[in-house]
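Some notes on the structure that comes next.
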Amino acid sequence: MIGIDWYLALSALLFTIGVLGVLIRRNAIVIFMCIEMMLNSVNLALISFSAYHGDVTGQILVFFSLSVAAAEAVVGLAIIIAIYRNNLSVDITKVNLLRW
Amino acid sequence: METYIFVTLAVLAIASALGMVLSKSTINSALFLVINLVTLSGVYLLLQAQFLALIQILVYAGAIMVLFLFVIMLLNIDQEESLFDKFRIKYLAAFLLSAVIFAQILYSLGGVADMLPEISTEMIHVGTVEALGDVLYTDYLFVFEMTAILLTAAVVGALMIAQYKVKNTGDTE
Numbered sequence: 008m009i010g011i012d013w014y015l016a017l018s019a020l021l022f023t024i025g026v027l028g029v030l031i032r033r034n035a036i037v038i039f040m041c042i043e044m045m046l047n048s049v050n051l052a053l054i055s056f057s058a059y060h061g062d063v064t065g066q067i068l069v070f071f072s073l074s075v076a077a078a079e080a081v082v083g084l085a086i087i088i089a090i091y092r093n094n095l096s097v098d099i100t101k102v103n104l105l106r107w
Numbered sequence: 100m101e102t103y104i105f106v107t108l109a110v111l112a113i114a115s116a117l118g119m120v121l122s123k124s125t126i127n128s129a130l131f132l133v134i135n136l137v138t139l140s141g142v143y144l145l146l147q148a149q150f151l152a153l154i155q156i157l158v159y160a161g162a163i164m165v166l167f168l169f170v171i172m173l174l175n176i177d178q179e180e181s182l183f184d185k186f187r188i189k190y191l192a193a194f195l196l197s198a199v200i201f202a203q204i205l206y207s208l209g210g211v212a213d214m215l216p217e218i219s220t221e222m223i224h225v226g227t228v229e230a231l232g233d234v235l236y237t238d239y240l241f242v243f244e245m246t247a248i249l250l251t252a253a254v255v256g257a258l259m260i261a262q263y264k265v266k267n268t269g270d271t272e
């Protein structure tokens, strides 16, 4: 079995790519997909700790995180549809109703 | 052998993540994310988490990504205008900020990565359906039921938000 630090490094790298995507993209749907990927990288860290500690609790937490991610995807995509209906765009620089 | 599989999966995951962030077409981003999720499920299998690897493919790569693709095709989003045309300062700042975040994560993980207990090889096999279900339906039963309530509330809320027009008939009052 290879060391846990490889899994943790992969998780940190995927999280960082997700952060980079949230910062540089303007398409709301792509930003949302980057958030999903960040959730996934945290899941990877939880599972690797769970496997290397021999404790199943981390995987239970990942299970709940998956269901929360599903709920979040449904509500977030509904919000994106509502924004598109008002603005005819999913470009987040054009969503300026609450901006001063 | 395990190292080769891990390196292959990790390279695929990172490449598909970068492809998702950098590709101009939204559809391509979604398909790159599918590749990323499937390779992560392979990494879960390397970590002996069989149940979560299956759930990852079923829920994420199946249900959630179908929802994403459905919304992308429903809204008929045209391609984003070129990504690196202007705001070069902004991209530089974003890159530096994510480098700082990466360093912070590595620093915080480096403190705990070597504090592992000594475990036997049988204890590594904790990710079977039997082991997870045993804990899930005893210790975490209440949280499991709360998840059902959360999913119901999410479905009702999504229908409320995405509805075209809320009818104000007013005869219920």
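So the sequences go chain by chain: A and D.
Heads up, the first sequence is in the working numbering, so the first residue is 8 and it goes up one at a time.
Heads up, the second sequence is in the working numbering, so the first residue is 100 and it goes up one at a time.
Backbone N, C-alpha and C define an ideal beta-carbon position, used for all residues, glycine too.
Note that the coordinates shown come from a computational prediction; the quantities given were computed from them, not determined experimentally.
Give me the DSSP bridge partner(s) of residue i.
i: D238 of chain D; result: Partner(s): none; D238 of chain D has no beta bridge.
i: N34 of chain A; result: A:D98
With H, G and I counted as helix, E and B as strand and the rest as coil, what does DSSP make of residue i?
i: D213 of chain D; result: coil
i: L205 of chain D; result: helix
i: D98 of chain A; result: strand
i: A112 of chain D; result: helix
i: G25 of chain A; result: helix
i: M100 of chain D; result: coil
i: T138 of chain D; result: helix
i: V254 of chain D; result: helix
i: Q155 of chain D; result: helix
i: T227 of chain D; result: coil
i: V81 of chain A; result: helix
i: K189 of chain D; result: helix
i: S18 of chain A; result: helix
i: N175 of chain D; result: coil
i: S55 of chain A; result: helix
i: I9 of chain A; result: coil
i: E272 of chain D; result: Annotation note: pLDDT 43 at E272 of chain D (below 50); position unreliable, coordinate value reported separately. E272 of chain D falls in the coil class under three-state DSSP.
i: Q262 of chain D; result: coil
When the cut-off is 8 Å and only beta carbons count, does residue i lie next to chain D?
i: M40 of chain A; result: yes
i: I24 of chain A; result: yes
i: L104 of chain A; result: no
i: M45 of chain A; result: no
i: I99 of chain A; result: no
i: S57 of chain A; result: yes
i: S72 of chain A; result: no
i: N94 of chain A; result: no
i: V82 of chain A; result: yes
i: V63 of chain A; result: yes
Out of the options, point me to the one whose CA is closest to residue i's CA.
i: M40 of chain A; options: A:T64, A:A52, A:L84 and A:Y91; result: A:L84
i: F105 of chain D; options: D:S140, D:K123, D:T125 and D:S122; result: D:S140
i: V170 of chain D; options: A:A76, A:I86, A:G25 and A:S74; result: A:I86
i: L151 of chain D; options: A:G61, A:Y59 and A:Q66; result: A:Q66
i: E43 of chain A; options: D:G210, D:V142 and D:A116; result: D:A116
i: V165 of chain D; options: A:V69, A:D62 and A:V81; result: A:V81
i: E229 of chain D; options: A:N103, A:V63, A:L27 and A:I90; result: A:V63
i: W13 of chain A; options: A:N103, A:V69 and A:F56; result: A:F56
i: M45 of chain A; options: A:V26, A:A89, A:V69 and A:R92; result: A:V26
Please confirm if residue i has its CB atom under 8 Å from at least one CB of chain A.
i: T107 of chain D; result: no
i: N127 of chain D; result: no
i: V165 of chain D; result: no
i: F241 of chain D; result: no
i: Y143 of chain D; result: yes
i: M119 of chain D; result: yes
i: I248 of chain D; result: no
i: V254 of chain D; result: yes
i: I200 of chain D; result: yes
i: Q147 of chain D; result: yes
i: G226 of chain D; result: yes
i: A96 of chain D; result: This structure cannot settle anything about residue 96 of chain D, because the visible part of chain D is limited to 100 through 272.
i: I188 of chain D; result: no
i: A193 of chain D; result: yes
Q. Touch check for the stretch 15 to 28 of chain A and the stretch 108 to 127 of chain D: three-plus C-beta pairs under 8 Å?
A. yes
Q. Is the stretch 236 to 249 of chain D touching the stretch 63 to 77 of chain A, taking contact as three or more C-beta pairs under 8 Å?
A. yes
Q. With a cut-off of 8 Å, do at least 3 Cβ pairs link the stretch 25 to 40 of chain A to the stretch 185 to 196 of chain D?
A. yes
Q | Validate contact between the stretch 223 to 237 of chain D and the stretch 45 to 53 of chain A using beta carbons, cut 8 Å, 3 pairs | A | no
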